[in-house]
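First the structure, in the form of structure tokens, and then the observations on it.
Protein chains: 2
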Amino acid sequence: MIKCVKCSLPDEVMKAGFVRGRQRYYCKSCEYHFTQERPAPNPAERRRRQATIADVAKQVGVALSTVSRALNGHSDISATTRQAILEVARQLDYQPNLLAQSLKSRATSTIGVVIPDIERPFFATAVSGIQQIATEAGYRVMICQSKESYQAEVSNVQALIASRVDGLLICHSRETENFDHVKDPARRGIPVVHFDRVCNEVNSAKVILDDRLGAYNVTEHLIEQGCRRIAILAGPPSLLISRQRQAGYLSALRRHGLPIEDALQVHIDFRTASAEACLDTWLAMPEPPDAIFAINYTNAFDLLLALKKRGLRVPEDMAIVGFGDEFLASLIEPGLTTVDLHPYRIGQQAASLFLEQMAQKENFVPRTCVIAGDLIIRQSSLKGHGHLAAWPA
Amino acid sequence: MIKCVKCSLPDEVMKAGFVRGRQRYYCKSCEYHFTQERPAPNPAERRRRQATIADVAKQVGVALSTVSRALNGHSDISATTRQAILEVARQLDYQPNLLAQSLKSRATSTIGVVIPDIERPFFATAVSGIQQIATEAGYRVMICQSKESYQAEVSNVQALIASRVDGLLICHSRETENFDHVKDPARRGIPVVHFDRVCNEVNSAKVILDDRLGAYNVTEHLIEQGCRRIAILAGPPSLLISRQRQAGYLSALRRHGLPIEDALQVHIDFRTASAEACLDTWLAMPEPPDAIFAINYTNAFDLLLALKKRGLRVPEDMAIVGFGDEFLASLIEPGLTTVDLHPYRIGQQAASLFLEQMAQKENFVPRTCVIAGDLIIRQSSLKGHGHLAAWPA
DNA sequence: ATCGTTTTCGCAAACGTTTCCGATAGTGTT
DNA sequence: AACACTATCGGAAACGTTTGCGAAAACGAT
Numbered sequence: 027m028i029k030c031v032k033c034s035l036p037d038e039v040m041k042a043g044f045v046r047g048r049q050r051y052y053c054k055s056c057e058y059h060f061t062q063e064r065p066a067p068n069p070a071e072r073r074r075r076q077a078t079i080a081d082v083a084k085q086v087g088v089a090l091s092t093v094s095r096a097l098n099g100h101s102d103i104s105a106t107t108r109q110a111i112l113e114v115a116r117q118l119d120y121q122p123n124l125l126a127q128s129l130k131s132r133a134t135s136t137i138g139v140v141i142p143d144i145e146r147p148f149f150a151t152a153v154s155g156i157q158q159i160a161t162e163a164g165y166r167v168m169i170c171q172s173k174e175s176y177q178a179e180v181s182n183v184q185a186l187i188a189s190r191v192d193g194l195l196i197c198h199s200r201e202t203e204n205f206d207h208v209k210d211p212a213r214r215g216i217p218v219v220h221f222d223r224v225c226n227e228v229n230s231a232k233v234i235l236d237d238r239l240g241a242y243n244v245t246e247h248l249i250e251q252g253c254r255r256i257a258i259l260a261g262p263p264s265l266l267i268s269r270q271r272q273a274g275y276l277s278a279l280r281r282h283g284l285p286i287e288d289a290l291q292v293h294i295d296f297r298t299a300s301a302e303a304c305l306d307t308w309l310a311m312p313e314p315p316d317a318i319f320a321i322n323y324t325n326a327f328d329l330l331l332a333l334k335k336r337g338l339r340v341p342e343d344m345a346i347v348g349f350g351d352e353f354l355a356s357l358i359e360p361g362l363t364t365v366d367l368h369p370y371r372i373g374q375q376a377a378s379l380f381l382e383q384m385a386q387k388e389n390f391v392p393r394t395c396v397i398a399g400d401l402i403i404r405q406s407s408l409k410g411h412g413h414l415a416a417w418p419a
Numbered sequence: 027m028i029k030c031v032k033c034s035l036p037d038e039v040m041k042a043g044f045v046r047g048r049q050r051y052y053c054k055s056c057e058y059h060f061t062q063e064r065p066a067p068n069p070a071e072r073r074r075r076q077a078t079i080a081d082v083a084k085q086v087g088v089a090l091s092t093v094s095r096a097l098n099g100h101s102d103i104s105a106t107t108r109q110a111i112l113e114v115a116r117q118l119d120y121q122p123n124l125l126a127q128s129l130k131s132r133a134t135s136t137i138g139v140v141i142p143d144i145e146r147p148f149f150a151t152a153v154s155g156i157q158q159i160a161t162e163a164g165y166r167v168m169i170c171q172s173k174e175s176y177q178a179e180v181s182n183v184q185a186l187i188a189s190r191v192d193g194l195l196i197c198h199s200r201e202t203e204n205f206d207h208v209k210d211p212a213r214r215g216i217p218v219v220h221f222d223r224v225c226n227e228v229n230s231a232k233v234i235l236d237d238r239l240g241a242y243n244v245t246e247h248l249i250e251q252g253c254r255r256i257a258i259l260a261g262p263p264s265l266l267i268s269r270q271r272q273a274g275y276l277s278a279l280r281r282h283g284l285p286i287e288d289a290l291q292v293h294i295d296f297r298t299a300s301a302e303a304c305l306d307t308w309l310a311m312p313e314p315p316d317a318i319f320a321i322n323y324t325n326a327f328d329l330l331l332a333l334k335k336r337g338l339r340v341p342e343d344m345a346i347v348g349f350g351d352e353f354l355a356s357l358i359e360p361g362l363t364t365v366d367l368h369p370y371r372i373g374q375q376a377a378s379l380f381l382e383q384m385a386q387k388e389n390f391v392p393r394t395c396v397i398a399g400d401l402i403i404r405q406s407s408l409k410g411h412g413h414l415a416a417w418p419a
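So the protein sequences, as listed, match chains A and B.
Just so we're on the same page, this note's numbering is the position in the first sequence counted from 1, plus 26.
Just so we're on the same page, this note's numbering is the position in the second sequence counted from 1, plus 26.
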């Protein structure tokens, strides 16, 4: 017979249900419910715990608050107790629990970054720029990749919000067309900064690069080199960068009074095969182009290789210019003329905008920073007709 | 005269100190201490707060525990209340606070990764591999860069511990010689996995790449191509990878009965200038080498360019092979023969080892995985004398 | 000795969850 | 009815910090 845990009288005990796998009893005399006790948890089971403020306090013989004050360098504490506490904390390998601190302070000192792909040099460098500024300001950085997937991007943003990041720096995936997931943190009062691929539906700070100007400059450079039939290998018309860079190209042609020819403007999907096919079409023309501006840097490489394969010389027979990723561009032969987009600077600027917003709080007015690209002239465009021909490669 | 906040009698009130900027009083009749009240905090000051479980509970009219059960899909709840709670949670844009959850559960579902530099393709790819496995298993990834600084590495590790990551994946900086900061998490019961640049002082799981075998293979390939005087452009002898790759090189030479010549083994500091200087020394020899194995991929590029500048043909006059970073290697002309180190696989393996350790808990025995590199043959080494000459580039 | 002041420290309430445990009301079953 | 059982729900204690506020002790000056 089961004995009551209070009066220890087995007589008055009766069964009273079965809950969550355990028998329940009721003692009539005590009017008390109780259940079979649970098997003791395996002591080896529970994970070794890290030292807490309570451990330190107990060992020193003071209150929790005193330990907290000692560790945080507060004033309300005597030098001797502070020393004793610090000593014990060191002994116990005490490391403050950031989770608890953040929960209490409602701030994590962490900013979330969402990028399409860390493997692309542009983003890796941008992240480095972000991290430099953030670290200097005492913030940690949490990086997420969307891998160009809208779904992944949304879940990344939600995870970052759930982690209560203090800010969100994002470059949208190529797929993203719905921006509700970014409006959300903004509504929650989390500062949002867009960079590179921005979104105009949200009233956020933005860092963009001047695609139009960059394309203008690189096209103008070709014109100065004596090129007269300049082709452009553009991307999908749906992409903003594609349209912007084409606009810069057209603007340069117009400015210098060159004819604009539809056959010399082709939109492709950035794949190598498409680039080669396009090149062949151009080469088969009665009057082929004397220069090609590839708005995507991998396509520029494709063209260089394809031309070499076809026995054509760069830049003598055909000048080639690209856009971005100047590190790779400097390695190949001939060196590829391109526009340095300063991804590091873009990252820095994005982080700075976040810091600015944190400092100004409510009265921050989101603004847009434009980072101008710099024309980097290398062998692939140096026809030697212009005044720039003497430049060092 | 100040009135007592309890009895409202001004007579018995006397001053009783001055604490933290505010006057303190004592009422004799009530035996009660009190201070001047603090100016009310600016209501606009306090940050907009995100909805919590309490907000949902209040609006629905149930207890906190009920809301928690509803949100977590627990069983002890009726379908109707669950629906009502979910509805209100949606209305209020409720997002669970991961900080609080982690604090309670003592687990963050986050793994910390420390790498030297995210801008290096090898690490960017490795991180991607880590992230894939981690994400699939429901873990988030927190990335830190040491930028090859020991100090930064230590502070990164401490920050990750403070954030209570569930695991630590680390590739040491070049500077790191003291490994106490990694022993620390291990002592705390945090699983540690080393990858690429490991540390043997800690009893952790490790993922390493087979430098020796890779170097052996690439050297043997050169021999098969008919090369007989193979030089090696090694790195600082202090670096383990440098010694390992040299060992593989020597082993291949010995295996094939080729003489080993000290003049053909040079240790440099990986800089471009050093590589060029070394090349010139070799070219000035009465009997120059017919192939060079550069253990660092950037040096391999340096050599390609330098040779071209000197009017020498690759691979006819000089074969060149590199090590790692096969993406870049495929872009240049001629394509660089190299060893694919499979950084993605290394990252995946590291993450898998962590998961394994989490699953097995106490009875996990740390083991070391070796990822073998694959020889990727391209133009730069194809002298056409061997049976591999027919391979597609 | 009295009283104002300063220094130092403890108590307890947050922060937002989860979860154990007990308490009901309802539902069948003898 | 009496009893056994199930389905729901609330209360409260954690998790590890920080911090406001009160209390006690020490100190100095009347």
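Cβ atoms here follow ideal geometry from the backbone N, Cα and C, with glycine treated the same way.
These figures come from a predicted structure and were not determined experimentally.
For residue i, the nearest candidate out of the options (CA to CA)
| i | options | result |
| --- | --- | --- |
| Leu379 (chain A) | A:Phe319, A:Pro211 and A:Ile156 | A:Ile156 |
| Cys395 (chain A) | A:His207, A:Phe221 and A:Ala80 | A:Phe221 |
| Glu250 (chain B) | B:Ala278, B:Gln291 and B:Val233 | B:Ala278 |
| Phe353 (chain A) | A:Gln121, A:Pro314, A:Ile346 and A:Leu367 | A:Leu367 |
| Ile20 (chain B) | B:Pro315, B:Arg297 and B:Ser268 | In the structure as shown, chain B starts at 27 and stops at 419, and residue 20 (chain B) therefore has no counterpart that could be examined. |
| Ser230 (chain A) | A:Pro211, A:Ser199 and A:Val114 | A:Pro211 |
| Cys304 (chain A) | A:Glu313, A:Pro312 and A:Val292 | A:Val292 |
| Gln76 (chain A) | B:Arg213, B:Leu329 and B:Lys335 | B:Arg213 |
| Val167 (chain A) | A:Ile79, A:Arg190 and A:Arg146 | A:Arg190 |
6 Å Cβ shell around residue i - same chain, five flanking residues per side excluded
| i | result |
| --- | --- |
| Ser420 (chain A) | Outside the shown range of chain A (27 to 419) lies residue 420 (chain A), about which nothing can therefore be said. |
| Pro369 (chain B) | Phe148, Thr151 and Ala152 |
| Leu381 (chain B) | Ala163 |
| Lys232 (chain A) | His220, Val224 and Thr394 |
| Pro69 (chain B) | With a pLDDT of 46 at Pro69 (chain B), under the threshold of 50, the modelled position of that residue is not reliable, and no figure is offered here. |
| Ile111 (chain B) | Val86, Val93 and Ala96 |
| Ala332 (chain A) | Glu302 and Leu305 |
Beta-carbon proximity check, residue i vs residue j, cutoff 9 Å
| i | j | result |
| --- | --- | --- |
| Val219 (chain A) | Ala377 (chain A) | yes |
| Gly138 (chain B) | Asn182 (chain B) | yes |
| Thr107 (chain A) | Val82 (chain A) | no |
| Val208 (chain A) | Leu194 (chain A) | yes |
| Ala178 (chain B) | Gln171 (chain B) | yes |
| Arg297 (chain B) | Ala355 (chain B) | no |
| Ile234 (chain B) | Ile402 (chain B) | no |
| Ile294 (chain A) | Asn325 (chain A) | yes |
| Ile358 (chain B) | Ile267 (chain A) | no |
Residues bridged to residue i (per DSSP)
| i | result |
| --- | --- |
| Asp400 (chain A) | A:Asp366 |
| Gln171 (chain A) | A:Ile141 |
| Phe221 (chain A) | A:Val233 |
| His293 (chain B) | B:Ala260 |
| Val208 (chain B) | Answer by DSSP bridge pairing: none, since Val208 (chain B) is not bridged. |
| Thr136 (chain B) | B:Arg166 |
| Thr394 (chain A) | A:Lys232 |
| Val347 (chain B) | B:Phe319 and B:Thr363 |
Contact set for residue i: own chain, Cβ-Cβ below 8 Å, skip 5 residues either direction
| i | result |
| --- | --- |
| Leu248 (chain A) | Ile256, Ala317, Phe319, Ala345, Val347 and Ser407 |
| Glu246 (chain A) | Ala278, Arg281 and His282 |
| Lys173 (chain B) | Pro142, Asp143 and Ser199 |
| Leu118 (chain B) | Ala77, Asp81, Val82 and Gln85 |
| Asp236 (chain B) | Val396, Ile397, Ala398 and Gly399 |
Own chain residues within Cβ distance below 7 Å of residue i, not counting five before or after
| i | result |
| --- | --- |
| Phe205 (chain B) | Cys225, Glu227 and Val228 |
| Asn98 (chain A) | none |
| Thr202 (chain A) | Tyr176 and Glu179 |
*Can we say the stretch 243-260 of chain B touches the stretch 312-320 of chain B, given the rule of at least three CB pairs closer than 8 Å?*
yes
*With contact counted as at least three CB pairs below 8 Å, one residue from each stretch, are the stretch 225-244 of chain B and the stretch 261-274 of chain B in contact?*
yes
*asked:* Whether or not the stretch 120-140 of chain A and the stretch 115-128 of chain B are in contact is what I'm after, with contact meaning three or more pairs of Cβ atoms, one per stretch, closer than 8 Å; do they touch?
replied: yes
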